[in-house]
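Undergrad: I'd like to ask you about the structure that follows.
Protein chains: 2
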Amino acid sequence: MRKKKILLLSGGVGGAKLADGFAQILPATDLIIAVNTGDDFQHLGLSISPDLDSVTYMLAGLASAERGWGRSDETWSCIETLRRIDSETWFQLGDRDLALHLHRSMKLARGTSLEVVTAEIASKLGVRHKIVPMTEAPVRTIIESYAERYSFQEYFVRLQCRPQMTGYRYEGARWATPSHGLLEALHDPELAGIMIAPSNPILSIGPILAIPTVRDAIEKTTVPVVGVSPIIKGAAIKGPAAKILQELNIGASAGAVAQFYGDLLDHFIVHPDDAGAPWSSNAKRHVADILMQSEEDRRRVAHSCLALLDIT
Amino acid sequence: MRKKKILLLSGGVGGAKLADGFAQILPATDLIIAVNTGDDFQHLGLSISPDLDSVTYMLAGLASAERGWGRSDETWSCIETLRRIDSETWFQLGDRDLALHLHRSMKLARGTSLEVVTAEIASKLGVRHKIVPMTEAPVRTIIESYAERYSFQEYFVRLQCRPQMTGYRYEGARWATPSHGLLEALHDPELAGIMIAPSNPILSIGPILAIPTVRDAIEKTTVPVVGVSPIIKGAAIKGPAAKILQELNIGASAGAVAQFYGDLLDHFIVHPDDAGAPWSSNAKRHVADILMQSEEDRRRVAHSCLALLDIT
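See below:
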């Protein structure tokens, strides 16, 4: 049996970049991206899956490079009008983005699974590789700040990550099972490696690993588990990862993230600037330029990951 | 008690023009427009009230004159994207229009009444006069064509009024009660007259009159009931009224419409071209130019209506 398939665990924008790197290299059948749904939420009656959409837009070549989120060629007529009628406008809804939320909400209400809707949308937008939600279950990431509890979007969008994070919970994760696609990938005899994207360990990867069947399968897998550091020289490439890792006393360093993933991890790729930093994780440290700005960067980082696998 | 208030029963576009005529003349406190909701429907999970929105856009100065429906300064990014992902696109949803549907759906789902949401939206868009739905109840106009039954939108939008109409029903009307605003207006001691807009008698005015309390109040009212003909020389000014009136053997003439309204009607204003046509209605026929193309036309027709009242 040829081992050649890659499973990537991914959050939104950062993960989407590595997903794109793999998608540039691997045939459609050899890549599956399992995406965090802990940030999914209801807004204006719509079912919104921000990370799934970020990965979909990136692989469809529709992600906005300038804005860093959402899609390119976007217009904002609907939210302008919502603002005019004093409706809820704290969440930025582009007109084209809205179409996905409307379609997904309608399909989910009719009983279609999130996995099927996600696959249909991605396919219509020209994505060839497989994007699946981590689960169909309503896992919700909750941010704790002393006595306060915030939903992900409240914390991330409305409060712009200002509250000090003192804890977190993945509500519903304990009872969640992986989506069909993710479960199948975890046990696929052709699986060559499991990749952990340089996404936020707490907010993006944590929810995926909190699904008992997923964690269990990754603990027991015989294929290499390879992570890419979301932290370079103590700072996050994007987003609040460094702040959160510090607030939770995990430490804002590549080494601390590797330790956070613990025995799940076999290999961890860090930036050259972090090559000499203290290292106490059991995972093997590898050094590569992991900054992903251009399409070529993304391909290069994907190649660095694949180089650690024994693809036959 | 000064009798000076006007209640206008209205459908969408045609009714909205007369509403605008009155709104140009009357102070905000002296006009209430009760609008058909028999065409309201759910689409992509949204609660859509086409006639309420048409009247709102018209009075807000936002109606598209070129298109004849929807609003001006509209963009179409969302529906373009819905088309790209093969979603439901038979109903034209503009991006700005969508904002109203999203906001209304959210508010209704939270238990706000359609009357309150309608008032809030209209007020935010700068409308000063009162626009109310005919009822909060789910009255639905059903078009019968031999053995087939169609919802209004199926018939009107999807099938473009092609099926021969052999009958109709206002589902739910029997158990519906008028909205607070409409009920209050019907019994307002200051009411000077009830106006029936030149809207489709079957599809737009019929559902309002099918609410038992409304019909009863109009039958018993002591104030004049004044209609404006939607038919000029056997043709509808807009829409399928003439075709439908013929198919139902009511007859596509101003006189036939007056007879259709029966004893509810005291006065009926017809176009000069219909001044000499046979007349067998008990309502008094008045002749005036009832074509409304410009803002001035609308004001003129409103004045023709008001001239028949005894405003003190």
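Going line by line, the protein sequences match chains A and B.
Counting in my numbering, the final residue of the first sequence is number 1242, and the numbers go up one at a time with none missing.
Counting in my numbering, the final residue of the second sequence is number 1242, and the numbers go up one at a time with none missing.
C-beta: ideal position from N, C-alpha, C; glycine also.
All values derive from a computational prediction rather than experimental measurement.
1. Just the Cα atoms here: how many angstroms apart are B/Gly-944 and B/Ser-1183?
2. Sorted by chain position, which residues of the same chain lie with C-beta nearer than 7 Å to B/Leu-1121's C-beta, five sequence neighbours on each side aside?
3. Any residues in the region 1004 to 1027 of chain B with a beta carbon nearer than 7 Å to a beta carbon of chain A? Which ones, in chain order?
4. So which residues of chain B does A/Ala-1039 contact, with C-beta pairs closer than 9 Å?
5. For A/Ile-955, which residues of its own chain have a beta-carbon under 8 Å away from its beta-carbon, when the five flanking residues on both sides are left out?
6. Is B/Gln-972 helix, strand or coil when you go by DSSP?
7. What does the Cβ neighbour count give for A/Thr-967, buried or exposed, with the cut at 16 atoms within 10 Å?
8. Give the DSSP-derived three-state secondary structure of B/Phe-1021 in the structure shown.
9. In angstroms, rounded to a whole number, what distance separates the CA positions of A/Glu-1004 and A/Arg-1026?
10. Compute the distance between the beta-carbons of B/Gly-1164 and B/Tyr-1191, then report whether it is under 7 Å.
11. Quick check on A/Thr-986: buried or exposed, where buried means 16 or more other Cβ atoms within 10 Å of its Cβ?
12. Check whether the Cβ of A/Leu-1032 lies closer than 7 Å to any Cβ atom in chain B.
13. Using C-beta distances below 7 Å, list every residue in its chain close to A/Ala-1106, excluding the 5 sequence neighbours before and after it, in chain order.
14. Below 7 Å between beta carbons: does that hold for A/Thr-1011 and B/Ala-1029?
15. Give a yes or no on whether the minimum CB-CB distance between A/Ile-1051 and chain B is below 7 Å.
16. Quick check on the DSSP output: the alpha helix (DSSP H) that includes B/Tyr-1191 runs from which residue to which?
17. Would you say B/Ser-1081 lies against chain A (beta-carbon separation less than 7 Å)?
18. When the Cβ atoms of the region 1014 to 1021 of chain A are set against those of the region 1036 to 1052 of chain A, are three or more pairs found closer than 8 Å?
19. Grab me the residues of B/Asp-1219's own chain with a C-beta within less than 6 Å of its C-beta, minus the 5 sequence neighbours each way, in chain order.
20. Could you give the residue range of the alpha helix (DSSP H) that holds A/Leu-948?
21. For A/Ser-1075, which of helix, strand or coil comes out of DSSP?
22. Can at least three beta-carbon pairs, one atom from the region 1097 to 1111 of chain B and one from the region 962 to 981 of chain B, be found at a separation below 8 Å?
23. Would you mind telling me which residues of chain B sit closer than 8 Å to A/Leu-1055, beta carbon to beta carbon, in chain order?
24. By Cβ distance below 6 Å, which residues in the same chain neighbour A/Thr-1096 in space, the five residues on each side in sequence not counted?
25. Straight-line CA distance for B/Leu-1139 to B/Arg-1145?
26. Since A/Leu-961 sits in a beta bridge, which residues does DSSP pair it with?
27. In angstroms with no decimal places, state the Cα-to-Cα distance between B/Phe-1021 and B/Thr-1151.
28. Going by DSSP, which residues form a beta bridge with B/Tyr-1100?
29. Please check the pair B/Gly-942 and B/Ser-984, which I expect to be a contact at CB under 8 Å, by giving their CB distance rounded to whole angstroms.
30. Scan the region 1141 to 1170 of chain B and note each continuous alpha helix (DSSP H) run of 4 residues or more that stays entirely inside, going in chain order.
31. Which residues bound the beta strand (DSSP E) around B/Val-1217?
32. On the criterion of 16 or more Cβ atoms from any shown chain inside 10 Å, does A/Asn-1179 qualify as buried, or is it exposed?
33. Once you ignore the five residues that flank B/Cys-1008 on each side, which residues in its own chain have a CB closer than 7 Å to its CB?
34. Assuming contact is defined by CB atoms lying nearer than 7 Å, are B/Ile-963 and B/Ile-1061 in contact in what I supplied?
35. Under a Cβ-count criterion, where at least 16 other Cβ atoms within 10 Å of its own Cβ denotes burial, should B/Thr-1071 be classed as buried or exposed?
36. For A/Gly-1206 and A/Leu-1055, what's the separation of their Cα atoms in angstroms?
TA: Let's see:
1. 17 Å
2. Lys-933, Lys-935, Leu-937, Ala-1115, Val-1153
3. Thr-1005, Ser-1007, Cys-1008, Thr-1011, Leu-1012, Arg-1014, Ile-1015, Asp-1016, Ser-1017, Asp-1025, Arg-1026
4. Gly-975
5. Arg-1229, Ala-1232, His-1233, Leu-1236
6. strand
7. buried
8. coil
9. 6 Å
10. no
11. buried
12. yes
13. Thr-1065, Ala-1067, Val-1069, Ile-1141
14. yes
15. yes
16. 1184 to 1191
17. no
18. no
19. none
20. 943 to 955
21. strand
22. yes
23. Arg-1014, Ile-1015
24. Glu-1074, Ser-1075, Tyr-1076
25. 5 Å
26. A/Ile-936
27. 39 Å
28. B/Thr-1071
29. 4 Å
30. 1142 to 1150
31. 1214 to 1217
32. exposed
33. Leu-1023, Asp-1025, Leu-1028
34. yes
35. buried
36. 43 Å
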